Structure formats: C-alpha cells, structure tokens
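Okay, so here's the structure we're looking at.
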Amino acid sequence: MAIPIVAIIGRPNVGKSSLFNRIVGRRQAIVSDVAGTTRDRLMADAWWDDFHFLLLDTGGLEPHPEGVIRQLVQEQAEMAIADADVIILMTDVVDGMTPSDSTAAELLRCTRKPVVLAVNKVDNDTREFGAPEFYGLGMGDPEPISAFHNYGIHRLMERVTAHMEPDPIGPEEELTQLGDETPTYHQGALNLAIVGRTNVGKSSLLNAILGQERSIVSEVAGTTRDALDTEITYNGREVVVIDTAGIRRPGAVSKGIEKYSVIRAVGAVNRSDITVLVTDASELATAQDAHIAGLAWEMCRGLIVVINKWDLFADEGQGARYRAAATVRDRLHFMPYVPILFTSALEGEGIKTLMDTAQDLWTERMRLIRSRDLQFMLADALADHMPPVVRKHRGQRVQINRLQQVGINPPTFLFTVNDPGLVHYTYQRYLENKIRDTFGFDRTHLKLVFKTR
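Residue numbers (our numbering): 1113 to 1565.
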C-alpha cells in the first residue's frame, strides 16, 4: 500500500523547514532566516505514534512569483499539493494574515483535501492572542504552534494523523505460518513507475512498452507535466505503468545553498512496486540520478536502471557497455544489486528484457522464506562469523535469538536480539549478504529489523 503523504505548504519564511525538522526528529531541512531558503521539496520517511507517512517540505507559495527560481518553487509546491493526502498550511503570527496566505488558502480550498491550519511562532501568551485572526482564511480552527520551541506540535499532529489509518504492518508477528514448501505471494497488479531527469526518453520508453503513442513525445524538456497511469497485460500479469514528469536540473540558490530538485516524482515512486530509473547514455549517473535511486532505496522500492539511447553508442562494442555499467554502479555503490539494462526506446530495443526483468524482480520481492530455513541460515552465519564486540557498550556483543520473515515487497526480516544498539552496521551488512546468497535475493532491496523480544 502507498504511504500517506503529508505536505507542509505556506509562504516563504514562516518556519516550514523548522516544523519539518521537528516532526522528523532531525535537522534534515536547511533552516535559515533568509526567505526562500528551501528551493526544492524535501522528503523524509516519518512516524508519529502508530502512523507512518512521507513528509514533504516545500518552497514558499507566492501569488505572483518573480524570476525563474521563484517560479520553480511555485511549481514544486503545486506538485506537492497534488501528491499530498494531508496538507499543513503554515502561517506566521508575527506577520499576521497576509494576501499570500489568502491566496494559498484559496488554492488549497480547491483541492478538497484535508488541510490543517498551523499558526507558527506563537512562543508567548501575547502572540497566542493573535492566532484567532487566521479564522479569516476559512480553513477551520487555527492551531497555534512554535516549531522552534516545540510548542503545540503534539496537538497539531493529532489533527494531521486523524485523517490517516494506523500502519497495520509491524514486525511483531509472522505474516503466516509457512509449510514445508517455500511459497510465493501475489497480490494485485505490478505498479511500475518510470522516473528520471527531463528529456532522457521516459515518454518514448512508455510508448515502446505500450506499442502505441500513449504519451506526447517532444524534444522540449518537461513535456510531461502529470503522472499518467496505463494498465497493460504482460505475460498474463496485470501491470500498471506510471509515467512521470521529468526531474529538473538543479538551480542556483542564493548564499551558496544548493540542493537538487528530485522529489517531483515522489508520488509515483511511492505508489510503485518497482521504479525504472531512466538515464541518458550520453550523461551517465549524474548526482540527480543517484538522488533518485536513494529515494527509491529509502522507500524500499525495487529499482531498475535503464541506460536509454544506447543506439547512439552501439558501434563502440561490448566494452562500452561494461564501462557504462561500471560507471553507474560506482555512482550507485549503496545499491550494488540493482539491475542495469540498455535500451533504445526509439528503435524498440531492450524493451522485452526490461519487462521480463521487472517481472522477475517483482516475483523476488513477493517471495516468502520458511522460518525453519531462516533459523538454519542464522546458525551457519553465527558459526562462520560471530558478532563483533562493541567497545562503547562495555565490550558487549549482540545476541541474536530468532530470525523470521515478517513482510514482503520488500522482503522484511525480523531479528530478535538482546539490544538493537549492539548491532554494528558492518555485521548488519554481513547478515543481509548471507540472506541474499542463501535464498537468491539477487536484485531486490531487503529490509532488516532488529528488535528486542
């Protein structure tokens, strides 16, 4: 199931990034007194009590943006509104209700999505008396908060999470009691998202998959503005292909603050089971490509990297493929298992391999392993390599009592341990590789969870 998306919307310099950091629990967004610091949407995987959601921070909404950067910020915010399930409209009690606030409220009113009105910078009793002024926006009861001083955040999030369902999946119990056979699990259609930078051939790739001109193809970067869902049947299995708008190149930001605009396709990646990252053969593995891959990794989605327009380099031989694949793997070193494919959307080359790989990856992500087999693997892993001693915990080492699979898509494994803080990241990587080698998880992301009994 797709994770709910919560977007923080508001004009510049009302404290959206501070609220983002407060909810997430770490300083992820850039916080500055300079209006307009947040130029791009930022995303974080967040929990509040039993509610799991994606939190989006956006650049400020302005009724009449000036300049290219401000216009891009406006587009980012509008896309965040389109993606979001719940919206926090943030205002500033110090400045009072402004025309920009009224414009934002009018824009949000047309979405018919749940909106919670937050009045920030209420850090004393005098300022709290200014909060009722915002009833004039017609967005319901204003919630006075101070993101910097952690005032009113709990009440605000209670109102936000009231529009969600608690996350029903937690690594507490096994999904099912597995028999002697290792079953595979299938549910619904395979959701395949096509993402990437602008003008790398995403729409052409979709047309090649469908065998028809489903999307507008143009040499002008950014022709596709909205996500398009197309249902097809491939090898008897239903597949929903999600084409997305391109991810823009980074823009210059004042005072040396530079960040990448990579969250344009966050809604599509969130709704997908497998993400196809399309790159240009003439410009391999850019920083934006790595950031998109990191987005899919953080959201635990399957990933396939497609090097498109390879017909332009077909005459350079097999060695060129090896060098291109090595360049991509070096940039995506944190995901060494990702399949890398070569296509030419215009020539229709590599499309069958792409679809077959997507289905194989989907089958791998839906695989369930018997608890008995996992226990045998764990015993072998512990015999071959004991957990290291952690010096900062007085020379203790982790004790792993049990291993079980508690989820699929992605395959999720629960280790019952005496203290999760004793699990060193190198040993976690060792256990992940042991699971991969033993059970053939060659191409998918694995999620490992360590909890006490």
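Backbone N, C-alpha and C fix where the C-beta goes; we use that ideal spot for every residue, glycine too.
Bear in mind the structure is a predicted one, so any value in this text is a computation, not a measurement.
Start and end residues, beta strand (DSSP E) containing residue i
i, result
"GLN1487", "Where GLN1487 is concerned, there is no enclosing beta strand (DSSP E), although the alpha helix (DSSP H) it sits in stretches over 1483-1496."
"VAL1227", "1227-1232"
"HIS1164", "1163-1169"
"LYS1128", "Run containing LYS1128: none in the beta strand (DSSP E); it sits in the alpha helix (DSSP H), 1128-1136."
"VAL1118", "1117-1121"
"LEU1560", "1559-1563"
Endpoints, alpha helix (DSSP H) assigned at residue i
i, result
"GLN1471", "1463-1477"
"ILE1404", "1399-1410"
"LYS1546", "1537-1551"
"LEU1201", "From DSSP, LEU1201 is part of no alpha helix (DSSP H) but of the beta strand (DSSP E) over 1198-1204."
"LYS1314", "1314-1322"
"VAL1381", "1378-1383"
"LEU1268", "1265-1273"
"VAL1440", "1430-1443"
"LEU1453", "Not the alpha helix (DSSP H): LEU1453 falls in the beta strand (DSSP E), residues 1452-1454."
"SER1214", "1211-1221"
"ARG1239", "1237-1240"
Beta-carbon proximity list for residue i, same chain, < 6 Å, skipping 5 on both sides
i, result
"PRO1211", "none"
"VAL1529", "VAL1510, ILE1512 and PHE1562"
"VAL1352", "ALA1301, ASN1303, ASP1341 and GLU1343"
"TRP1422", "ALA1393, PHE1454 and SER1456"
"THR1565", "One point to set straight first is that residue 1565 is Arg, not Thr, in the sequence displayed. Here the set comprises THR1528."
"GLU1350", "ALA1301"
"PRO1283", "Low per-residue confidence applies at PRO1283: pLDDT is 39, beneath 50, and the placement is therefore not dependable, though the value from the model is reported in the following sentence. VAL1518, LEU1526 and VAL1561, listed in sequence order."
"HIS1275", "VAL1198 and PRO1226"
"VAL1535", "VAL1510 and PHE1562"
"GLN1289", "For GLN1289, the predicted model reports a pLDDT of 44, less than 50, meaning its position is unreliable and no value from the coordinates is stated."
Same chain, Cβ closer than 8 Å to residue i, neighbours up to 5 away in sequence not counted
i, result
"TRP1160", "ILE1135, MET1269, VAL1272 and THR1273"
"GLU1286", "Here the model assigns GLU1286 a pLDDT of 41, short of 50, so the residue's position is not dependable, and the following value carries that caveat. Contacts found: SER1483, GLN1516, GLN1517 and VAL1518."
"THR1556", "GLY1414, TYR1449, LEU1473, GLU1476, ARG1477, PRO1522 and PRO1523"
"MET1447", "ALA1405, TRP1409, LEU1415 and HIS1557"
"ILE1089", "Because the chain here runs from 1113 to 1565, residue 1089 falls outside it and cannot be looked at."
"TYR1568", "The question about residue 1568 has no answer here: the residues shown for the chain are numbered 1113 through 1565."
"ILE1265", "LEU1131, ARG1134, ILE1135, ILE1257 and ALA1259"
Sheet register partners of residue i (DSSP bridge)
i, result
"ILE1416", "VAL1388"
"LEU1515", "PHE1527"
"ASN1303", "VAL1352"
"VAL1502", "GLN1508"
"GLY1308", "VAL1390"
"ILE1344", "VAL1351"
"GLU1190", "GLU1190 pairs with nothing; no bridge assigned."
"ASP1157", "LEU1166"
"GLU1459", "Paired residue(s): none; GLU1459 is not in a bridge."
"PRO1256", "VAL1231"
"GLU1395", "ASP1392"
Whole-Å CB distance - residue i paired with residue j, under 8 Å assumed
i, j, result
"ILE1121", "ALA1216", "6 Å"
"MET1202", "ASN1232", "6 Å"
"GLY1396", "VAL1378", "Per the sequence shown, residue 1396 should be read as Leu rather than Gly. About 23 Å; that fails the 8 Å criterion."
"ALA1402", "LEU1444", "6 Å"
"GLU1229", "MET1251", "Correcting the residue type first, residue 1229 is Leu in the shown sequence and not Glu. Between MET1251 and LEU1229 the Cβ distance is about 4 Å, and since that is below 8 Å, they are a contact."
"LEU1168", "SER1214", "At roughly 22 Å, the Cβ-Cβ gap does not stay under 8 Å, so LEU1168 and SER1214 are not in contact."
Same chain, Cβ closer than 7 Å to residue i, five either side skipped, listed in chain order
i, result
"ARG1326", "Summary for ARG1326: the model assigns pLDDT 49, below 50, so the residue's position carries little reliability; its value from the coordinates is reported in the next sentence. Around ARG1326: LEU1318, ASN1319 and THR1342."
"GLU1544", "LEU1558 and LEU1560"
"HIS1164", "ILE1115 and ASP1279"
"ASN1382", "ALA1114, ILE1115, ILE1117, LEU1166 and MET1411"
"GLY1313", "VAL1390, ASN1420, LYS1421 and ALA1457"
"THR1238", "none"
"GLY1291", "Per-residue confidence for GLY1291 stands at a pLDDT of 44, beneath the threshold of 50, marking its modelled position as unreliable; no derived number is given."
"ALA1243", "VAL1205, VAL1231, VAL1234, PRO1254 and PRO1256"
"ARG1433", "PHE1454"
"PRO1500", "ARG1509, HIS1536 and TYR1539"
"GLN1487", "LEU1515"
Open item on the list: With three or more C-beta pairs closer than 8 Å as the rule, is the segment 1388-1403 touching the segment 1418-1429?
Closed with: yes
Open item on the list: Does the contact criterion of 3 or more C-beta pairs under 8 Å hold for the segment 1473-1490 versus the segment 1439-1450?
Closed with: no
- [ ] Spell out a yes or no on whether the segment 1192-1202 and the segment 1218-1226 are touching, meaning 3 or more CB-CB pairs, one atom from each, closer than 8 Å.
- [x] yes
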